[in-house]
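Numbering (our numbering), first residue to last: 2 to 428. For every residue, glycine included, the Cβ atom is placed at its ideal position computed from N, Cα and C. Input: a single structure, listed below in structure tokens.
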Amino acid sequence: MLISLTEQRLALKINIIISRMIIKIIILNFCQKQHLIQKVEQLQFLAAEYRYIGIVIFFLALLIFFIVEPVLGQDWNTVAFLVGALTSIISGYIGMRVATFSNYRCANCAQTKMTDAFAVAYRAGCVMGFALVSFALLSLTILLGIYINWFIKDQRDFQQLFEAIAGYGLGGSVIALFGRVGGGIYTKAADVGADLVGKVENDFKEDSPNNLATIADNVGDIAGMGAELFGSFAEATCAALVVCSVFPSFYYHPTTFYYPLLVSASGILVCFIVSIFAFLGEKEDFDQVSNVLKVQLILSTLLMLPALYYVAYLTLPERIFGLSPVDRQPIHAWLCTVVGLISGCIIGFVTEYYTSHSYRPVQEIAQACGTGAATNIIYGIALGNLSTIIPVFLLAFTAFISYSFVNVWSFLKCFRNVINFNYWFGN
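As structure tokens, this is what we get:
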């Protein structure tokens with residue numbers, strides 16, 4: 002727990018330092034005026050969105066308290082649900098604020114030098130990525146510490162403990178759902194309609210700051226994405242803890258439950274080291290920026306391999322006795338995470354191939370537009386379906402191999418998402 006808390010404190014300090022570096026950048030008077038206007042409007046929209054989400058969270062908490070708690074025999078599921086929801090709200094708020102004071106500074110730097118603009122954008126992404134994972138780990142670690150000291154007496158209590166902790170993941174998922182539906186899908190539809198009207202009646206440009214629906218769309222995308230990433234992290238972590246609590250070795254070796262937490266915490270340290278290399282060299286065109294991000298993905302994947310190996314042998318017992326008579330070693334749990342990590346890296350490159358204009362698929366879609374909108378839509382849908390083949394087979398292969406290694410511990414492949422989320426949002 003001490004290692005996890007230390008890495009979380011490190012990530013929070015990094016966030017503060019990087020945020021101060023971004024704020025020190027001077028922006029033009031016109032940009033400053035637009036920045037202040039949008040800052041107020043974004044806060045108003047986010048406050049209204051969270052006000053309605055808060056009402057839903059209140060009634061869901063009552064529902065959990067009166068229906069779920071009597072079954073578990075404890076009152077902690079509701080508390081975990083509220084903590085998860087609150088942490089998710091904070092994650093979305095931080096993402097919105099970082100984007101607010103970074104966007105205009107990035108645009109201002111782009112007028113003089115693209116390398117400076119990339120540095121601002123990259124640092125802003127680092128703040129969001131590190132803040133999301135560190136806040137999530139911090140709240141979950143504190144919650145686990147309180148729960149363990151409260152009612153752990155025998156092995157059966159571990160199962161009840163992590164069943165109560167599952168409410169943490171539910172709280173994060175509920176906020177992510179409403180953040181993406183209300184702040185993402187609904188505002189996108191409103192933005193499209195308002196954008197068309199603004200162009201026809203008021204001669205607005207594309208994504209004009211005078212269009213309030215555009216501001217709402219941007220806030221919804223950023224805050225919704227932050228909440229969604231937190232929800233994915235919370236779900237993966239809580240699922241691994243709940244499933245692994247049934248292991249007999251879990252009770253005799255209590256540090257086992259730190260394994261999922263330290264997998265994510267090690268991602269913070271690795272991504273911080275890798276992010277230093279992003280500022281080396283000039284980045285004045287798209288290809289240079291793209292190459293930097295590819296190198297970041299490869300380096301983070303390679304550095305995570307020894308980090309995960311160390312975490313596995315630090316927290317897991319020499320023999321992991323599961324529900325089957327066959328015992329496993331820490332290296333088997335490490336192989337589960339390695340398979341998921343490498344699969345995630347490959348999926349990242351496949352996704353870039355099908356969505357980047359530097360490669361053939363997007364270029365073919367652009368050529369299809371020359372014969373009309375119908376061929377563009379048909380070809381785009383077909384190409385989208387084609388792009389899912391490799392990821393689907395990789396996910397199936399990862400699940401099968403992981404289960405073959407350590408039965409229930411195959412769920413730890415979910416932490417590939419945490420590592421890649423930390424990287425991609427940090428970039």
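Stretch pair the stretch 120–128 + the stretch 190–208: three plus CB contacts closer than 8 Å: Touching, no.
Thinking C-beta only, is V134 closer than 8 Å to G268? It is a contact, given that the beta carbons lie within the stated cut-off.
Nearest neighbour of F179, chosen from S357, L317, G93 [CA to CA]: Nearest of S357, L317, G93 to F179, Cα basis: G93.
Measuring only the C-alpha atoms, how far is E365 from I390? Approximately 19 Å between the Cα atoms of the pair.
For I54 and I176, believed in contact at Cβ under 8 Å, the rounded distance: Beta-carbon to beta-carbon, I176 and I54 are separated by about 6 Å, close enough to satisfy the 8 Å threshold.
S276 by DSSP, collapsed to three states: which one? DSSP places S276 in helix when its eight states are reduced to three.
Around the Cβ of Y311, are there at least 16 other Cβ atoms within 10 angstroms (buried) or fewer (exposed)? With fewer than 16 other Cβ atoms from the protein chains shown falling within 10 Å of its own Cβ, Y311 counts as exposed.
Here's a check: name, in chain order, each residue in its chain whose Cβ is nearer than 8 Å to the Cβ of A367, leaving out the five neighbours to either side. H358, listed in sequence order.
Look up P331 in the DSSP assignment and say whether it is helix, strand or coil. DSSP places P331 in helix when its eight states are reduced to three.
Rounding to the nearest angstrom, what Cα-Cα distance links M226 and L306 in this structure? Taking the straight line joining both Cα atoms gives about 27 Å.
Can you tell which of L139, V339, L315 has its C-alpha closest to the C-alpha of A400? The shortest C-alpha separation from A400 is found at V339.
Out of V290, L395, C346, point me to the one whose CA is closest to A118's CA. Measuring from the Cα of A118, the nearest candidate turns out to be V290.
Given L317, which residues of its chain have a CB within under 7 Å of its CB, disregarding the five upstream and five downstream residues? Within the same chain, L317 has close Cβ partners T257, Y260, P331, A334.
Counting pairs of Cβ atoms below 8 Å between the stretch 235–248 and the stretch 165–172, do you hit three or more? Contact holds: three or more Cβ-Cβ distances are below 8 Å.
Under DSSP, the alpha helix (DSSP H) around V312 begins and ends at which residues? Looking at the DSSP string, the run of the alpha helix (DSSP H) that includes V312 is 287–316.
The stretch 270–282 contacting the stretch 295–305, beta-carbon criterion three pairs below 8 Å: With the cut-off at 8 Å, the stretch 270–282 and the stretch 295–305 touch.
Relative to the alpha-carbon of S103, which residue among G385, C127, D286 has its alpha-carbon at the smallest distance? Among G385, C127, D286, the Cα nearest to that of S103 is on C127.
Let me make sure I understand the geometry here. Which of I277, V182, T215, I90 has the alpha-carbon closest to that of L197? Of the candidates I277, V182, T215, I90, the one whose C-alpha sits nearest the C-alpha of L197 is T215.
What's the C-alpha gap between W77 and I166? Answer to the nearest angstrom: the Cα atoms are 8 Å apart.
Kindly indicate the opening and closing residues of the alpha helix (DSSP H) around I186. Careful: I186 lies outside any alpha helix (DSSP H) and carries neither H nor E.
Please identify the residue among L139, G85, A48 whose C-alpha is closest to the C-alpha of R98. Of L139, G85, A48, the residue nearest in Cα terms is A48.
In chain order, what residues of the same chain have a beta carbon less than 7 Å from the beta carbon of T376, not counting five sequence neighbours either side? Only A369 meet the Cβ criterion.
Three-state secondary structure assigned by DSSP to N212: Residue state, collapsed to three classes: coil.
So, at 7 Å on beta carbons, what are the nonlocal neighbours of I402 in its own chain, with the 5 sequence-adjacent residues on each side left out? Result list for I402: V340, in chain order.
Is A228 buried or exposed, if buried means 16 or more other CB atoms sit within 10 Å of its CB? Burial check for A228: the Cβ neighbour count within 10 Å reaches 16 or more, so the residue is buried.
Quick one, which of V182, D218, K284, G282 has its alpha-carbon nearest V193's? Of the candidates V182, D218, K284, G282, the residue whose Cα lies closest to the Cα of V193 is D218.
Taking A191 as the reference, which of L162, A132, N212 has the closest Cα? That would be N212, whose Cα lies nearest to the Cα of A191.
Just checking my contact of T142 with L309 at CB under 8 Å: how many whole Å lie between their CB atoms? Separation of the CB atoms of T142 and L309 is rounded to 19 Å, and the pair is thereby denied contact status at 8 Å.
Please work out which residues of its chain come closer than 6 Å, Cβ to Cβ, to Y354, disregarding the five sequence neighbours upstream and downstream, and give them in chain order. Answer for Y354: Y360, listed in chain order.
I need the DSSP call for E164, collapsed to helix, strand or coil. Of the three classes helix, strand and coil, the one that applies to E164 here is helix, per DSSP.
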